[in-house]
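This report concerns only the one structure given below.
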Amino acid sequence: MDYQGFFTSALDRLRAERRYRVFADIERVAGRFPQAIWHAPDGPRPITVWCSNDYLGMGQHPDVIAAMADTAQRLGTGAGGTRNISGNSHPIVRLEAELADLHAKEAALVFTSGYISNQTGISTIARLIPGCLILSDALNHNSMIEGVRQSGCEKAIFRHNDLDHLEELLRGAGDRPKLIVFESVYSMDGDVSPIHAMCDLAERYGAMTYLDEVHAVGMYGPRGGGIADREGAMGRIDVIEGTLGKAFGVLGGYIAASRAVADAVRSYAPGFIFTTALPPAVAAAAAASVRHLKRSGAEREGQQRQVARTKEALAAAGLPILPTETHIVPIMVGDAEACKAASDRLLEKHGIYIQPINYPTVPRGTERLRITPSPLHDETAIAELTAALVEVWGVLGLPLGRGRMAAE
Ligand code: PLP
1 MDYQGFFTSA LDRLRAERRY RVFADIERVA GRFPQAIWHA PDGPRPITVW
51 CSNDYLGMGQ HPDVIAAMAD TAQRLGTGAG GTRNISGNSH PIVRLEAELA
101 DLHAKEAALV FTSGYISNQT GISTIARLIP GCLILSDALN HNSMIEGVRQ
151 SGCEKAIFRH NDLDHLEELL RGAGDRPKLI VFESVYSMDG DVSPIHAMCD
201 LAERYGAMTY LDEVHAVGMY GPRGGGIADR EGAMGRIDVI EGTLGKAFGV
251 LGGYIAASRA VADAVRSYAP GFIFTTALPP AVAAAAAASV RHLKRSGAER
301 EGQQRQVART KEALAAAGLP ILPTETHIVP IMVGDAEACK AASDRLLEKH
351 GIYIQPINYP TVPRGTERLR ITPSPLHDET AIAELTAALV EVWGVLGLPL
401 GRGRMAAE
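Those letters in the sequence shown? Residues 1 to 408, per the working numbering, in order.
Below, the structure written as structure tokens:
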């Protein structure tokens, strides 16, 4: 039996479909974000990163680094096992209190990633509701899709952010229990869901709501609670899910909900029970980041300002940006090979790192470069990015024209 052959032919299939992914070897430099070092085949070179999900640069914040380093010195490195075996580390207890307060919920429960929060959170919640029908947005993240699938519950997919379609499905479901799962900011198109209108429907048809705020926590709302915080809608959502790995700059995920929901997930979710907990130093660093962003709006304001300036500069240069109302700035390419070629040239010639986004992350024909300006991308960086993109678009013969895909 040629076992190795199965894997090499699987990889060959990806290459043939132009879906084989190559990751650059990058060394982040604390204190100098978004500058980093690219370990290129011919040696290290300085680069500027334009696609990080460390959206606010909190991964290098002195309070966050100090919390991680001090806690590791005092408590050591690992958690010592699952919480079932080793108990709760004190920093995790404090982090959960910080997160419950962030979302004005009775309780929060921390997982090892946002992915696991969704996968085990959605599947456990839905399984505990007898006869639950899950209504899931068509563009939900893979972790939510896996949560829905693993619940074993019946599901109905509504067209992306389509309230009429959702209502039709809710009406058709009658009075059985229902769980609506959706996101606030969709990370590839940078669009935002109508949270209040979704909650209106949920209330009208007696459904429970589960909202993924992974691309919004830390960045929106007066204390960084996300889009629901900004819109005054947190109290209307039953379960808010977030990550500690993007705007909070560390690692981990969580749900915030009523005491009963959080306790039930803690008691039933395999992805919580059977895995080693986050290290105390990671929990302490995440708590420091959450605490900082509750008090400080400077990072949020800086990000929104630099995002607006980046969008203006790219649009003025005629680059085909997808208009968004968020910090996510997609530049449409519409072809997998061209997208990879643009990304390669940006890195090799201009020292600018923007990972190509190809199928299956986005549908074929909507391949793009996804730019995420942070408060730390200054005017010089924006000017360099714009000039580099114009050069690359010219050399590769890519079409210019604002919002090309958005108009389709
Ligand atoms: N939810 C959404 C919408 C995401 O885009 C992601 C990751 O990119 C996740 C959840 C998973 O979060 P994490 O990276 O913390 O595992």
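C-beta atoms are modelled at their ideal positions from N, C-alpha and C, and glycine is treated no differently.
No experiment lies behind these values; they were computed from the predicted model shown.
(request) Classify residue 175 as helix, strand or coil using the three-state DSSP reduction. (result) Collapsing the DSSP output to three states places residue 175 in coil.
(request) Indicate the three-state DSSP secondary structure (helix, strand or coil) for residue 349 in the structure shown. (result) Reduced to three states, the DSSP call for residue 349 is helix.
(request) May I ask which residues mark the beginning and end of the alpha helix (DSSP H) holding residue 7? (result) Following the DSSP letters along the chain, one finds residue 7 inside the alpha helix (DSSP H) bounded by residues 3-16.
(request) Give a single yes or no on whether residue 121 has its beta carbon closer than 7 Å to a heavy atom of ligand 1. (result) Flag unset: Cβ of residue 121 not near ligand 1.
(message) In the DSSP assignment, the beta strand (DSSP E) including residue 257 goes from what residue to what residue?
(response) Element bounds for residue 257: 253-257.
(message) According to DSSP, residue 109 sits in a beta bridge with which residue or residues?
(response) Looking at the DSSP output, residue 109 shares a beta bridge with 255.
(request) Assign residue 1 to buried or exposed, taking buried as 16 or more other Cβ atoms, counted over all protein chains shown, within 10 Å of its Cβ. (result) When all chains shown are included, residue 1 counts as exposed.
(message) Could you check whether residue 337 and residue 15 sit closer than 8 Å to each other, using their CB atoms as the reference points?
(response) Inclusion of residue 15 and residue 337 in the CB contact set at 8 Å is not warranted, their separation being larger than that value.
(message) Quick check on the burial criterion: 16 or more other C-beta atoms within 10 angstroms. Buried or exposed for residue 111?
(response) Taking a 10 Å sphere around the C-beta of residue 111, we find 16 or more other C-beta atoms and assign the residue as buried.
(message) Classify residue 73: buried if its beta carbon has 16 or more other beta carbons within 10 angstroms, exposed otherwise.
(response) Around the beta-carbon of residue 73, fewer than 16 other beta-carbon atoms lie within 10 Å, marking it exposed.
(message) Given 7 Å as the limit, tell me if residue 243 has its C-beta closer than that to any heavy atom belonging to ligand 1.
(response) Yes.
(request) Report the option in 355, 90, 265, 60 whose CA atom is closest to the CA atom of residue 71. (result) The shortest Cα separation from residue 71 among 355, 90, 265, 60 belongs to 90.
(message) Below 7 Å, is the gap between the Cβ of residue 88 and the nearest heavy atom of ligand 1?
(response) Answer for residue 88: no, Cβ out of range of ligand 1.
(message) For a test of your reading of the model: does the CB of residue 224 fall under 7 Å from any non-hydrogen atom of ligand 1? Yes or no.
(response) No, ligand 1 has no heavy atom inside 7 Å of this Cβ.
(request) Please indicate yes or no: does the CB of residue 215 lie closer than 7 Å to some heavy atom of ligand 1? (result) Yes, since a heavy atom of ligand 1 falls inside the 7 Å radius drawn around the Cβ of residue 215.
(message) Which residues does DSSP list as the beta-bridge partners of residue 28?
(response) Bridge partners of residue 28 according to DSSP: 36.
(message) Taking its Cβ as the centre, do 16 or more other Cβ atoms sit within 10 Å of residue 358, making it buried, or is it exposed?
(response) Taking a 10 Å sphere around the C-beta of residue 358, we find 16 or more other C-beta atoms and assign the residue as buried.
(request) Would you mind giving the Cβ-Cβ distance between residue 122 and residue 147, rounded to the nearest angstrom? I have them listed as a contact below 8 Å. (result) Taking the Cβ atoms as the reference, residue 122 lies roughly 3 Å from residue 147, within the contact range of under 8 Å.
(request) Note down, in chain order, each residue of its chain lying with its Cβ closer than 8 Å to the Cβ of residue 20, except the 5 sequence neighbours on either side. (result) Correct list, in chain order: 11, 14.
(request) Going by DSSP, name the residue or residues bridged to residue 274. (result) Residue pairing by DSSP leaves residue 274 without any beta bridge partner.
(message) Can you determine whether any heavy atom of ligand 1 sits closer than 7 Å to the C-beta of residue 220, and answer yes or no?
(response) Residue 220 Cβ: outside cutoff for every heavy atom of ligand 1.
(message) Quick check: the Cα distance between residue 265 and residue 349, rounded to an integer number of angstroms?
(response) C-alpha separation (whole angstroms): 49 Å.
(message) Using CA atoms only, rank isn't needed, just tell me which of 343, 375, 339 is closest to residue 364.
(response) Comparing Cα-Cα distances from residue 364 to each of 343, 375, 339, the minimum goes to 339.
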